[in-house]
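For reference, the structure is listed below as structure tokens.
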Amino acid sequence: MPPKNTQPRYRQIADYLREGILNGTFPAGQPLPSEEALAKQFGVTRPTVRQGLSELRASGLVEAIMGRGTFARSPHSRPSFTRPRGVRRASDGRYVEADGIRWTNAEPPVATRTDAPLALADLLRIPPGEPMFTYDALQTADQGNLRQLHRTYVPFSVLVNTKYEEQVPPPAPELYTALAELGHELHFTEYIRTRMPLPDQAQALRLAEGVPLLHVLRVTLGEAEKPLALEEFHLPGDDLELSFRL
């Protein structure tokens with residue numbers, strides 16, 4: 008008598024579809040069985056089927072297309088979006104993102120005062136609890152098809168003895184020009200990892216259940232590798248790759 012499969016049903020569905028995609032039963036680009044058909048085959052409800060599909064979306068093996076269904080993706084296929092990372096200086100002196108995407112803020116970012124948490128204080132080489140200017144923005148591009156959460160941190164100590172003791176500095180990328188005008192030669196370091204989103208992040212980025220984030224921290228550095236500011240990006244991690252020129 009074969010051993011009973013004790014895995015949760017959604018995991019059984021995910022394993023069945025994963026094996027079919029990898030062995031060619033469900034070719035890349037072709038639709039998978041409908042939620043209704045899978046629910047009937049496994050004797051489960053459609054929400055259970057969707058939970059199994061979410062696992063495969065998170066691993067990049069399926070793609071949901073609005074109004075058409077869910078399609079198999081090869082593990083070797085290219086993502087829909089490739090975003091070059093980095094900052095360059097345009098001919099007019101402005102600093103711009105290497106990907107060339109024109110982002111629009113859903114609402115104008117407003118400076119708020121926050122205290123540096125331990126992890127960010129370590130990257131900025133400032134004491135934990137030091138006050139910082141912080142800007143938050145939900146940014147969209149390509150008629151809302153691309154979305155990212157962007158946060159800028161500027162420690163108060165960086166602005167001592169500058170005009171920004173009396174006025175609020177701008178958020179990045181305009182911040183780069185402001186720092187350059189203060190005499191800083193700028194360069195940048197990025198740290199990238201993946202993690203699961205918080206509920207409000209998943210909602211803002213319109214992430215399906217089970218889809219991870221790309222979490223990018225960019226530190227702006229001046230002379231002697233002194234950190235001047237920090238940016239935090241949260242990007243959808245299901246159909247995106249980042250590229251770097253080395």
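Residues 8 to 253 (our numbering) are what the sequence shown spells out, left to right. Cβ atoms here follow ideal geometry from the backbone N, Cα and C, with glycine treated the same way.
Rounded to the nearest angstrom, the gap between the Cα atoms of Arg-252 and Arg-92 is 8 Å. Annotation: Arg-132 is outside any beta strand (DSSP E) and is labelled neither H nor E by DSSP.
Pro-34 and Thr-196 have their C-alpha atoms some 40 Å from each other.
Under the 8 Å Cβ criterion, the stretch 180–198 counts as touching the stretch 228–246, having at least three qualifying pairs. Contact check for Gln-210 against His-241 fails: the beta carbons are separated by 8 Å or more.
As DSSP reads the structure, His-83 sits in no beta bridge. A buried status is given to Gln-58, since no fewer than 16 other beta-carbon atoms sit within 10 Å of its beta-carbon. If the five residues before and after Leu-189 are omitted, its C-beta is found closer than 7 Å to the C-beta atoms of Thr-169, all from its own chain and listed in chain order. With 16 or more other CB atoms across the displayed protein chains lying within 10 angstroms of its CB, Gln-155 is buried.
For Gln-210, there is no enclosing beta strand (DSSP E); the enclosing alpha helix (DSSP H) has its first and last residue at 206–212.
Cβ contact annotation for Arg-101 (same chain, cutoff 7 Å, sequence separation greater than five): Thr-184, in chain order.
Separation of the CB atoms of Leu-45 and Ile-20 is rounded to 6 Å, and the pair is thereby assigned contact status at 8 Å. Separation of Pro-243 and Ile-133 (C-alpha to C-alpha, rounded to the nearest whole angstrom) is 30 Å. Comparing alpha-carbon positions, the option among Leu-29, Glu-26, Gly-36 and Phe-49 lying closest to Arg-16 turns out to be Phe-49. According to the DSSP secondary-structure assignment, Ile-72 is paired through a beta bridge with Gly-76. For Tyr-160, the uninterrupted beta strand (DSSP E) segment begins and ends at 153–162. Two segments are said to touch when three or more pairs of C-beta atoms, one from each, lie closer than 8 Å; by this definition the stretch 107–117 touches the stretch 133–146. Taken through DSSP and simplified to helix, strand or coil, Glu-43 comes out as helix. Along the stretch 191–253, the alpha helix (DSSP H) occurs as fully enclosed runs of 4 or more residues at 206–212, listed in sequence order.
Note on geometry: alpha-carbon atoms of Glu-26 and Ala-215 lie some 22 Å from one another. In this structure, Arg-53 sits away from Glu-62, with a CB-CB distance that is not shorter than 8 Å. Per the DSSP secondary-structure output, Ala-144 pairs in a beta bridge with His-157. Take Val-218, set aside five residues on each side of it, and the residues of its chain with a beta-carbon closer than 8 Å to its own are Ser-61, Arg-64, Ala-65, Pro-204, Ala-209, Pro-243, Gly-244 and Asp-245, in chain order.
The closest CA to that of Pro-138, considering only Thr-121, Asp-149, Gln-150 and Leu-130, is found on Thr-121.
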